[in-house]
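Chains as they are written, first to last, in this note's numbering: chain F, 45 to 269; chain C, 45 to 269.
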DNA sequence: GTCTATAATGAGATAGAC
DNA sequence: GTCTATCTCATTATAGAC
């Protein structure tokens, strides 16, 4: 369904691919249209011709893969729900595994895409584009998480989902912390190992939320602060 | 020990503060030296006079608060260890709570600082500066986490720490996901509630790592993929 | 659709007076 | 330490030929 090594045929795709690569490496403002068209092997004017503005090019970069990613996640979730009542781990798996699969086997573009997403900042540009493309699917997964802890209020499922997204996105950010801090014993690029650790990690975390909600501040009070 | 609302007295500090604010909002490349000196209320040339290059200004912005943060974290950790054998929750508390306290009560600069850290990308600029300022303290916390799970290899403590850092940093990033996805029921700016949920969340997650290491890929195989 | 050329602006950094 | 003025180069975007 995805065509990893296929070289871009149209100049439009070439620009899109180059923009994705460079945005992921240096951020939106760290890259000029000249850099992008240079890497794409097309002339400067092609960027404006196809996309008008740099802002719009960025938007298209995010949008292009968002749909495929959402589709994969929802397909996994629906398959799960048809098979019966899923466990928390299964729901997290349905959310995280497509990210892993596409990032590692979907071609270099997908890896760049995941690193790019991890650079989202608090500014309007990011807030709008992420909300527009990901919130709807996010709500489906929050509902599925909530179904695994039906006695808890939905707000706790939201909190668990948001914490999980932060953890996952950071794991795909391309920071080499894991390698560095382990002195090379662990490999930050072994995303499979990270995902396999992360899913039970997050599931266990989410399961603590109902009780930590009740005894709120326990850790804080224990330190007398 | 920190003086939140004190206005900067020197032009050097004014530039540093303005740079911190603007970098946090728009990222390194999203801000010009003119923007910074403009907000600081000083002339353009003062930036070069005090800091030489923009790169160096950025470095100083990160460095300035890194020391205070590391000191607070280490003090909390040492106090803990003097009091006996700490629980995993206590170690995480010692790591996260200074971040929370400074971010919410250390003045606007600290809040900006935490948002800025969350924008770290995979590029050299970030990797170098974060490694230089934070790796040493990170190793102390990894050791403390490892002491809570002594039968597991240290690599698992590293993995738990790295996942935890990602979760924490994302929680302080200023993305308003929690508010948006909960329809306003939860408040993304209530960092206290987030920290109080996060600490047991992460502790539970770390405790799963030894077992998920042994039965690696269980969730994956269950889905037959 | 693709190119050259250029317009219009903004960037980082510095020289040199005070 | 602080200022004005400026150098030099890169930036986004567009006009208009082919």
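Where a beta carbon is used, it is the ideal one built from N, C-alpha and C, also for glycine. Owing to the predicted nature of the structure, the values given are computational and were not obtained by experimental measurement.
Check                                                                                                                 : Outcome
Cβ distance (whole Å) where residue 210(F) is taken to contact residue 241(C) below 8 Å                               : That belief does not hold up - the Cβ atoms of residue 210(F) and residue 241(C) are roughly 12 Å apart, past 8 Å.
Beta-carbon spacing of residue 217(C), residue 162(C) below 8 Å                                                       : yes
Minimum C-alpha distance to residue 86(C) - residue among 232(C), 60(C), 127(C), 107(C)                               : 60(C)
Whole-angstrom distance between residue 250(C) and residue 114(F), CA atom to CA atom                                 : 29 Å
Length of the line joining the Cα atoms of residue 136(C) and residue 182(F)                                          : 28 Å
Sub-8 Å separation of residue 166(F) and residue 159(C) beta-carbons                                                  : yes
Chain F within 8 Å of residue 114(C), Cβ atoms only                                                                   : no
Exposure label - residue 53(C); buried when at least 16 CB within 10 Å                                                : exposed
Cβ pair residue 235(F), residue 148(F) closer than 8 Å                                                                : yes
Three-state secondary structure (DSSP) of residue 102(F)                                                              : helix
Contact set for residue 146(C): own chain, Cβ-Cβ below 6 Å, skip 5 residues either direction                          : 154
Where residue 213(C) meets chain F, residues with beta-carbon distance less than 9 Å                                  : 210, 214
Near-chain F residues of the region 219-240 of chain C (beta-carbon distance less than 9 Å), N- to C-terminal order   : 219, 220, 221, 222, 224, 225, 226, 227, 229, 230, 232, 236, 237, 238, 239, 240
Members of the region 103-127 of chain C near chain F, C-beta cut-off 9 Å                                             : 120, 123, 124
Nearest to residue 226(F) (by Cα), restricted to the options 139(C), 213(C), 175(C), 81(C)                            : 175(C)
Stretch pair the region 66-84 of chain F + the region 65-78 of chain C: three plus CB contacts closer than 8 Å        : yes
Run of the alpha helix (DSSP H) containing residue 233(C), from where it starts to where it stops                     : It is not in any alpha helix (DSSP H) - residue 233(C) carries neither H nor E in the DSSP assignment.
Outcome for residue 143(C) when other beta-carbon atoms lying within 10 angstroms are tallied against a minimum of 16 : buried
Contacts that residue 166(C) makes with chain F (C-beta to C-beta distance below 9 Å)                                 : 68, 69, 159, 162, 163, 217, 218, 219, 220
Closer than 7 Å at the beta carbon, the chain C residues around residue 249(F)                                        : 245, 246, 248, 249
Presumed contact (8 Å Cβ cut-off) between residue 233(C) and residue 156(C), rounded CB distance                      : At roughly 14 Å, the Cβ-Cβ gap does not stay under 8 Å, so residue 233(C) and residue 156(C) are not in contact.
Range of the contiguous alpha helix (DSSP H) that encloses residue 195(C)                                             : Run containing residue 195(C): none; DSSP gives neither H nor E here.
Interface partners of residue 59(C) on chain F, CB under 9 Å                                                          : Here the premise fails: no neighbours, minimum Cβ distance about 20 Å.
Beta carbon proximity, residue 173(F) to chain C, threshold 8 Å                                                       : no
Minimum Cβ-Cβ distance from residue 97(C) to chain F less than 8 Å                                                    : no
Interface flag, residue 242(C) vs chain F, CB-CB below 8 Å                                                            : yes
Whether residue 213(C) touches residue 106(C) by CB criterion (8 Å)                                                   : no
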